[in-house]
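Everything on this sheet refers to the single structure shown next.
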Amino acid sequence: MTWGITLILLSIIAVPSLLLSKKPNAKELLEKIEPYQGWIGLVFCFWGIWGVISSILGLGWFASFPVRWTVYLAGNAVEAILGFMLGFGMINKLVLSKNEAAKEKAIALREKIAPKQGKLGVLGLIIGALMIVLSFLPY
Numbered sequence: 005m006t007w008g009i010t011l012i013l014l015s016i017i018a019v020p021s022l023l024l025s026k027k028p029n030a031k032e033l034l035e036k037i038e039p040y041q042g043w044i045g046l047v048f049c050f051w052g053i054w055g056v057i058s059s060i061l062g063l064g065w066f067a068s069f070p071v072r073w074t075v076y077l078a079g080n081a082v083e084a085i086l087g088f089m090l091g092f093g094m095i096n097k098l099v100l101s102k103n104e105a106a107k108e109k110a111i112a113l114r115e116k117i118a119p120k121q122g123k124l125g126v127l128g129l130i131i132g133a134l135m136i137v138l139s140f141l142p143y
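Terminal number for the sequence shown in this note's numbering: 143, no gaps in between.
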């Protein structure tokens, strides 16, 4: 359930236009979060990568719980991508600052993903809700 809640929170941060259209006073909250967006993105990027690695290591679950495993993998992949998008500046500064080739690849990857950030945010909301629902279902 924690994975789903964090994915929903990250998706809300990643899609501010969706949130602003529903609640006009949310702009103040988003402005308060903005200085920390890089750190939030960095943490969620690594959290998502860890989740993808965990789901691959737990591939045996696929035989018993294919839907749960697939949703878990997809949720963590979306979380890693959205975290990368939000924390790109911080990742660039802390991790990639010494390697120019890696920096250029990261910039190219970000340019490919950037137009899809809104769709990924909405997908993250849906998958996060699915993760929460699946956590309440019995095995």
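Where is the CB? At the ideal position from N, CA and C, for every residue including glycine. Keep in mind it's a predicted model, so treat the numbers as computed, not measured.
query                                                                                                                                                 : result
Is the Cβ-Cβ distance between residue 48 and residue 93 less than 8 Å?                                                                                : no
So residue 70 is in the alpha helix (DSSP H); what residue range does that whole segment cover?                                                       : 70-90
Among 60, 64, 32 and 51, which residue has its Cα nearest to the Cα of residue 11?                                                                    : 51
My parser needs the alpha helix (DSSP H) runs of 4 or more residues fully inside the region 41-65; what are they?                                     : 41-61
When you compare the region 116-131 with the region 12-20, are there three or more beta-carbon pairs, one atom per stretch, that lie closer than 8 Å? : yes
With a Cβ-Cβ cutoff of 8 Å, do residue 8 and residue 89 count as a contact?                                                                           : no
Select from 109, 68 and 132 the residue whose C-alpha is nearest the C-alpha of residue 142.                                                          : 68
Taking 8 Å as the cut-off, decide whether the C-beta atoms of residue 81 and residue 99 are in contact.                                               : no
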